[in-house]
Amino acid sequence: TRELAQQVTEALTPYAEALRLRLATVVGGISIARQAAALRDGAEVVVATPGRLHDLIDRRGCRLGHVRVTVLDEADQMCDMGFLPQVTE
82 TRELAQQVTE ALTPYAEALR LRLATVVGGI SIARQAAALR DGAEVVVATP
132 GRLHDLIDRR GCRLGHVRVT VLDEADQMCD MGFLPQVTE
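Counting from 82, one number per residue, gives the positions in the sequence shown under the numbering used here.
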């Protein structure tokens, strides 16, 4: 799922730049502190793997109160891989 998040980020980057939207990618294997800082700085678009997003929410590094749209790409595969609890939550 980390690779998918990177692909989605790469595909969205030109649009985010054109629309002047801040884009943050949060995935495992990269400093969670740096990713939490990127979210604190503000991001209109967040691309995340379910596990890392769950970790950030638990650590209060990510608040979802202002989320208007959620897109779950390949949600069926995430569930098959055992991420159903994180996807549901």
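Ideal placement from N, C-alpha and C gives every residue a C-beta, glycine not left out.
message: What does DSSP give as the partner residue(s) for L93 in the beta ladder?
response: Beta-bridge pairing links L93 to no other residue.
message: If you reduce the DSSP assignment to three classes, tell me which class T106 lands in.
response: The three-state secondary structure of T106, taken from DSSP, is strand.
- prompt: Between the Cα of E125 and the Cα atoms of Y96, P166, R103 and C160, which residue gives the shortest distance?
  reply: R103
- prompt: Tell me the DSSP bridge mates of V128?
  reply: Beta-bridge pairing by DSSP links V128 to T106.
- request: Using 10 angstroms around the beta-carbon of P131, count the other beta-carbons present and answer buried if the total reaches 16, otherwise exposed.
  value: Counting every other CB atom within 10 Å of its CB across the protein chains shown gives P131 a total of 16 or more, marking it as buried.
message: Which residue marks the beginning of the alpha helix (DSSP H) containing L165, and which one marks its end?
response: L165 to T169
field: Reduced DSSP category for R83 - H, G, I as helix; E, B as strand; rest coil
entry: helix
query: Buried or exposed: where does V99 fall if 16 or more other Cβ atoms within 10 Å of its Cβ makes it buried?
result: Sequence inspection shows Ala at residue 99; the Val mentioned does not correspond to that position. It counts as exposed.
field: Cβ-based burial, G110 [other Cβ within 10 Å; buried from 16]
entry: exposed
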